[in-house]
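Single-structure report; data block below.
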């Protein structure tokens, strides 16, 4: 029987990161994956969908500049498949060379379905044989899959989850997206950008992205609607079915009115559920919480030698978070078990919408909910030289700081071109509990988008180039106390 210091079940971003971290400690590791290395994070997740978004952005720009539309589903999938191949090739070649070069063959890989026999023994069901291995430690990282519900007849052809989009034969002429969360809004953005799909978005709330600040949601909503998206606000899906190859759905609104619609396809985007059923976790003493996620404490499960990373825990289901959890779990095993626990606050996030949205830390909405008094500075992209040069002036930066003399950075919202790249410096300062003075005195490159962040900071310090009292529609600087907004010049 083969024996390992660590067995990682699942070759997605979390599992792959955990296995590679174990190599750093000189441990003999086995990575088991039942399907494809890279997992949903590569094939039906972040890289896949974001490549579609990049294609749609290019198509939208061409349409705006030339009034021509050359978008095809084949063209989009070609770009997606090329991106997936590049990443898959990197990962598989890396694994093969690592297995060949590491001393004592530290890295090992098996393709098959894994399940627990007990807390140390794992059965691997392979295509032509079964085998059992022993591992001193184990990381479970089997990821998640799209959630389905009994009253929605998903066939992954006409009514699809994200897993079924690849089954489309061409760009749909009409599409309803069920679920107005981040993923639903991203797909509404992608297909509306292509200019050939009439998109409908079902939203049970009075606005999309209810967890975000209202100005962020309003900007995204305005641009979706400008792109032709119909947002069914305050609506509940009563019925959805396929009749003669078309999707028919019925909505009930908060005022009790009812309406029916017909489209070519439906995309169901109502969350994801963890892949745990086939693992036989009970045999290893690994418990689940009432929602079906693995119980864990800083990645350690209820079994003393078994850890979890990625979508199986009830934490944030993001690639960067899962990778960090995988690496952290291995560091706890083989490094120092008393290293600082993972912290899930102030994590930078990106939403690939129109325009791009990035955030970190606290927003105005959260500050109001927690009754925290904050100072806020906001600058429109139309006042930033680089945005003007790119002709991409749709968006804004917003900095939130403590309402005291220290003005500690609490959060940032970036909506617009290069938003995801612009946010990281602020994320670092929040992480290190610093104030805004550092950003104010730095020499930023010119012209660059991040100059807008510096101007936000200067407004808070009362030394901005443009004055918010003059450009009231472009620059805002105020104190937010619950629902009261007071411009700083009035204090």
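Numbering (our numbering), first residue to last: 1 to 491. Heads up, the beta-carbon is just placed ideally off N, CA and C, and yes, glycines get one too. Small disclaimer: the values here were computed from a predicted structure and weren't measured.
Quiz prompt | Simplified DSSP state of residue 195, which is helix, strand or coil | solution = Coil at residue 195, not helix or strand.
Quiz item: Got a sec? Which residues, its chain only, sit under 7 Å from residue 353 by beta carbon, not counting five neighbours each side?
Solution: Closer than 7 Å at the Cβ level, and outside the excluded window around residue 353, lie 185, 186, 189 and 220.
Self-check item: In DSSP terms, what residue 262 is bridged to
Solution: DSSP, once it has assigned bridges, lists 248 as partnering residue 262.
Quiz item: Considering residue 397, what are the terminal residues of the beta strand (DSSP E) in which it resides?
Solution: Annotation: the continuous beta strand (DSSP E) that includes residue 397 extends over 396-402.
Exercise. Work out the CA separation of residue 13 and residue 259 for me, nearest whole Å.
Key: Cα-Cα distance, rounded: 42 Å.
Self-check item: Cβ separation of residue 360 and residue 411, assumed to be a contact under 8 Å, to the nearest whole Å
Solution: Residue 360 to residue 411, Cβ: 6 Å. Contact.
Quiz item: Mind checking whether residue 27 and residue 106 have CB atoms under 8 Å apart?
Solution: Their beta carbons are under 8 Å apart, which means residue 27 touches residue 106 by this criterion.
Quiz prompt | Inter-stretch contact (C-beta, 8 Å, three-pair minimum) for the region 37-48 and the region 60-76 | solution = Taking a contact to require three or more Cβ pairs closer than 8 Å, the region 37-48 and the region 60-76 do not qualify as touching.
Practice problem: Going by CA-CA distance only, name the one from 213, 388 and 419 that's closest to residue 446. | Solution: It is 388 whose Cα lies nearest to the Cα of residue 446.
Practice problem: Mark residue 99 as exposed unless 16 or more other C-beta atoms lie within 10 angstroms of its C-beta, in which case mark it buried. | Solution: Around the beta carbon of residue 99, fewer than 16 other beta carbons sit within 10 angstroms, so the residue counts as exposed.
Quiz item: Can you name, in chain order, every residue of its own chain whose Cβ lies under 6 Å from the Cβ of residue 491, other than the five neighbours on each side?
Solution: Summary for residue 491: the model assigns pLDDT 47, below 50, so the residue's position carries little reliability; its value from the coordinates is reported in the next sentence. Excluding positions up to five away in sequence, the list is empty.
Quiz prompt | Range covered by the beta strand (DSSP E) that runs through residue 41 | solution = That residue, residue 41, is in no beta strand (DSSP E); its alpha helix (DSSP H) goes 39-43.
Quiz prompt | C-beta atoms of residue 9 and residue 133 nearer than 8 Å | solution = No, these two residues do not count as a Cβ contact at 8 Å.
Exercise. Figure out for me which residue from 473, 439, 450 and 449 has the closest Cα to the Cα of residue 463.
Key: If we check each option's Cα against that of residue 463, 439 comes out closest.
Quiz item: Roughly how many angstroms separate the alpha carbons of residue 431 and residue 409, rounded to a whole number?
Solution: If you take the alpha carbons of residue 431 and residue 409, they lie about 9 Å apart.
Quiz item: What residues in its chain sit with their C-beta under 6 Å from that of residue 108, if we drop five residues either side in the sequence?
Solution: Counting only Cβ-Cβ distances below 6 Å, and skipping sequence neighbours, we find 30.
Exercise. Along the alpha helix (DSSP H) that carries residue 76, what are the first and last residues, could you check?
Key: It spans 73-101 - the alpha helix (DSSP H) in which residue 76 sits, taken as one unbroken run.
Self-check item: residue 7 vs residue 150 beta-carbon contact at 8 Å
Solution: No.
Exercise. Assign residue 97 to one of two classes, buried (16 or more other C-beta atoms within 10 Å of its C-beta) or exposed (fewer than that).
Key: Here residue 97 is exposed. Its C-beta has fewer than 16 other C-beta atoms within 10 Å.
Quiz item: residue 86: buried (16+ other C-beta within 10 angstroms of its C-beta) or exposed?
Solution: Label assigned to residue 86: exposed.
Quiz prompt | Validate contact between the region 337-351 and the region 414-430 using beta carbons, cut 8 Å, 3 pairs | solution = The region 337-351, when compared against the region 414-430, does touch it at the 8 Å Cβ threshold.
Quiz prompt | Cβ neighbour criterion (16 or more within 10 Å) applied to residue 456 | solution = Buried, because 16 or more other Cβ atoms sit within 10 Å of the Cβ of residue 456.
Quiz item: Start and end of the beta strand (DSSP E) containing residue 207?
Solution: Residue 207 -> no beta strand (DSSP E), and no H or E assigned at all.
Quiz item: Alpha carbon to alpha carbon, what distance is there between residue 101 and residue 332?
Solution: Distance between the alpha carbons of residue 332 and residue 101: 26 Å.
Quiz item: According to the neighbour-count rule (16 or more other Cβ atoms, all chains shown, within 10 Å of its Cβ), is residue 362 buried or exposed?
Solution: Residue 362 counts as buried, since at least 16 other C-beta atoms from the protein chains shown sit within 10 angstroms of its C-beta.
Quiz item: Buried or exposed: residue 236, going by 16 or more other Cβ atoms within 10 Å of its Cβ?
Solution: That one is exposed.
Quiz item: In or out: residue 202 buried (at least 16 other Cβ within 10 Å) or exposed?
Solution: Buried, by the Cβ-count rule.
Quiz item: Where residue 373 and residue 472 are concerned, what is the direct C-alpha to C-alpha distance, given to the nearest angstrom?
Solution: Straight through space, the alpha carbons of residue 472 and residue 373 are spaced by roughly 22 Å.
Quiz item: How about residue 34: is its Cβ closer than 7 Å to a heavy atom in the ligand FAD?
Solution: Looking for the ligand FAD in the displayed structure turns up nothing, as the structure carries no ligands at all.
Quiz prompt | Collapsed DSSP secondary structure at residue 175 in the structure displayed | solution = In this structure, residue 175 counts as strand in the three-state DSSP scheme.
Quiz item: DSSP on residue 491, reduced to helix/strand/coil?
Solution: Confidence at residue 491 is low in this model, with a pLDDT of 47, below 50, so the placement of that residue is unreliable and no value is reported for it.
Practice problem: Kindly give me the distance between the Cβ atoms of residue 143 and residue 34, rounded to whole angstroms, as I take these residues to be in contact under 8 Å. | Solution: Not really, about 10 Å apart at Cβ, beyond 8 Å.
Quiz item: Under three-state DSSP, which class holds residue 358?
Solution: If DSSP states are grouped into helix, strand and coil, residue 358 belongs with the strands.
Quiz prompt | Coarse secondary structure for residue 436, derived from DSSP in three states | solution = Of the three classes helix, strand and coil, the one that applies to residue 436 here is coil, per DSSP.
Quiz item: Relative to the alpha-carbon of residue 79, which residue among 56, 386, 92 and 383 has its alpha-carbon at the smallest distance?
Solution: Nearest to residue 79 by alpha-carbon distance, out of 56, 386, 92 and 383, is 56.
Practice problem: Determine the DSSP secondary structure at residue 460, reduced to helix, strand or coil. | Solution: Residue 460: helix per DSSP, three-state reduction.
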